[in-house]
Structure formats: structure tokens, C-alpha cells
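Heads up, the sequence shown is in our numbering, so the first residue is 12 and it goes up one at a time.
By construction, the Cβ of each residue, glycine as well, lies at the ideal position given by its N, Cα and C atoms.
Computed from a predicted model, the values in this text were never measured in an experiment.
The structure appears right after this line, and notes come after that.
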Amino acid sequence: MNLELEGRVVVLAGGAGGIGRACAAAFLEEKVQVVIADREAGPAPLPPGVAFKALDITDPGSVETLFRETAREYGRLDILVNAAGIYSARPILALPVEEWEQMFRVNLRGVFLTCRAVLPYLQQAGWGRIINIASLAGQTGGLVAGAHYSASKAGVLAFTKSLAKQTRSPGITVNAVNPGPVVTAMTADWPREEADSLTAKIPLGRFAAAREVADAIVFLASARAAYIHGTHLDINGGLFMD
């Protein structure tokens with residue numbers, strides 16, 4: 012299947028983590044110019060051909076600069092993937108207000124800022140894709156995750172739908188993906204008994220690989236998903252069926 016992505020430019024906001032890097036590899040295979048934007052590139056070297064730009068996703072100026080410089084450097088902006096996110100399972104009665112607020116700054120404010128900043132470029136071009144990474148926790152209230160993480164991801168889902176309603180352009184789509192448990196650094200710290208218990212509830216019997224999430228994102232970014240708009244794609248191995 013030809014996804015018709017060659018020559019496009021994708022910005023992976025918060026893309027230095029496991030899912031972001033998997034997205035980078037998947038987009039590179041489609042001959043897309045990949046820009047990872049994050050606070051830092053991380054300890055592992057980035058794949059050849061991937062550009063890195065420093066980003067504070069909670070800061071409007073940093074976000075605006077990212078897209079302005081990327082558009083100037085490559086002459087176009089086509090795809091935004093919002094992969095930034097922090098996680099916590101802290102229970103409500105032990106949850107400091109500061110941790111609640113930081114969760115929303117990164118997980119939800121960052122999505123708002125990047126989408127608001129990139130949309131004028133997509134509208135000018137008449138083509139674009141926005142894919143926000145939400146979470147199964149945003150649908151269920153969290154099987155493992157804390158209330159603040161779950162609420163922030165539910166916000167991403169609602170924001171994605173609202174943005175899709177307001178983005179009335181035949182060439183621009185806005186969608187979200189809802190990963191369940193994924194093999195990443197985020198889940199590597201889960202207690203073994205907790206991870207095993209959750210795995211036993213998944214009909215496919217395992218956590219997702221980051222690349223499986225990335226492949227779904229690349230499809231949503233492609234010409235083959237041109238009529239998919241304002242929805243979310245669940246990637247959870249059957250753990251939750253809506």
C-alpha cells in the first residue's frame with residue numbers, strides 16, 4: 012500500500028521517548044523528513060536522518076519558535092504528532108496540587124499549544140494531519156494510572172474532537188490514538204505483579220510494542236486515512252472494547 016507520505020515533514024512533539032522514536036523510524040521508512048522536538052534528545056542516539064529541536068512544550072514562545080523555524084528550514088509543515096506526556100499512579104489523597112497541575116501543563120496544555128501553533132501552517136498549505144496520543148486511561152479512568160493522568164488524557168480526547176469540529180478543511184484531519192499498556196520506559200517501572208495481572212486481562216496476552224502504536228499513527232497521517240477525522244483509534248489488544 013502506498014501511503015503517499017514521501018517528502019512530507021512531521022514534527023514529533025515530545026518525541027524523544029519510546030513511542031516517539033518508534034514513530035520516527037516508521038516515518039523514515041516512508042521517506043518523511045522527521046523532526047523530533049523535546050527537552051532533550053535522550054541518552055540513545057537518534058536515527059540517521061532525524062533532526063532534533065529543543066522544545067519546552069508548556070511554553071508558548073518555545074512552541075511558536077519550533078514551528079516557525081521548522082517551516083523556514085524545510086519550506087513546509089505537514090504532520091504533527093503529539094507524543095509528549097508524563098505519567099503517575101499516585102492516588103488522589105496523596106496527590107500534591109503541584110503534581111496535578113504539572114500533569115495538565117505537559118499532557119494537555121502542551122497539546123493545545125502545539126495544535127494552535129501548527130494549524131495556520133496546515134491551513135495555508137490546504138493539507139495536514141494532527142495526531143494526538145491520548146491513552147486508554149482517558150477512557151476508563153485508569154486501570155493503573157492516577158486520576159490526574161487519566162483526567163489529562165480524557166482532556167486530550169475531548170480537545171481532539173473539539174479541534175476536529177473547528178477544523179473545517181477538506182485536506183486536514185485531526186485524530187487521536189489511545190494506547191493501552193506499551194513496552195516503554197514508562198511501564199518498565201511498574202511492579203511485576205501489577206504488570207502480570209494487567210497482562211492476564213489483555214485478550215492478546217501482552218503489552219503492545221511501541222512500533223505497533225507508531226504504525227497506526229503513520230497510517231492516520233497518510234493519504235489512506237483522508238476520511239478519518241475527529242475520532243480515536245484504540246490500540247489496546249482488546250483490553251477495553253468500546
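Residue i, buried or exposed, once every other Cβ within 10 Å from all chains shown has been counted against 16
i: Met266; result: Absent from the model: residue 266. The displayed extent of the chain is 12 to 253, so no value can be given.
i: Leu104; result: exposed
i: Ser173; result: exposed
i: Asp245; result: buried
i: Gln177; result: exposed
i: Gly253; result: First, the amino acid is wrong: residue 253 is Asp here, not Gly. Exposed, since its Cβ has fewer than 16 Cβ neighbours within 10 Å.
i: Arg32; result: buried
i: Ala234; result: exposed
CB contact flag (residue i, residue j, <8 Å)
i: Phe250; j: Leu168; result: The residue you asked about is not Phe; residue 250 is Leu in the sequence shown. Contact: no.
i: Gly191; j: Asn247; result: yes
i: Ala24; j: Ala48; result: yes
i: Val224; j: Phe38; result: no
Reference residue i, options the options, closest by Cα
i: Ala236; options: Ile30, Thr210, Ile141, Arg101; result: Ile141
i: Val194; options: Asp67, Ala221, Arg19; result: Ala221
i: Arg50; options: Arg79, Gly26, Gly157; result: Gly26
i: Val122; options: Val22, Glu205, Gly86, Cys34; result: Val22
i: Glu75; options: Tyr132, Ile183, Glu205, Gly152; result: Tyr132
i: Asn186; options: Trp201, Ile144, Glu80; result: Ile144
i: His240; options: Arg87, Ala158, Thr184; result: Thr184
C-alpha gap between residue i and residue j, whole angstroms
i: Glu41; j: Cys126; result: 23 Å
i: Ala136; j: Leu209; result: 44 Å
i: Ala128; j: Ile213; result: 38 Å
i: Leu106; j: Glu84; result: 43 Å
i: Gly53; j: Gly28; result: 8 Å
i: Ala199; j: Ala219; result: 13 Å
i: Thr171; j: Thr242; result: 8 Å
i: Ala254; j: Leu57; result: Any property of residue 254 remains undetermined from this structure, which presents the chain solely from 12 to 253.
i: Gly216; j: Gly72; result: 44 Å
i: Ala175; j: Val46; result: 24 Å
i: Leu231; j: Tyr98; result: 25 Å
i: Glu112; j: Leu66; result: 19 Å
i: Leu14; j: Ile68; result: 29 Å
i: Ala100; j: His159; result: 8 Å
i: Gln44; j: Glu205; result: 39 Å
Near the ligand NAD: residue i beta-carbon under 7 Å from a heavy atom
i: Ala145; result: The ligand content of the structure shown is nil, which means the ligand NAD is not present either.
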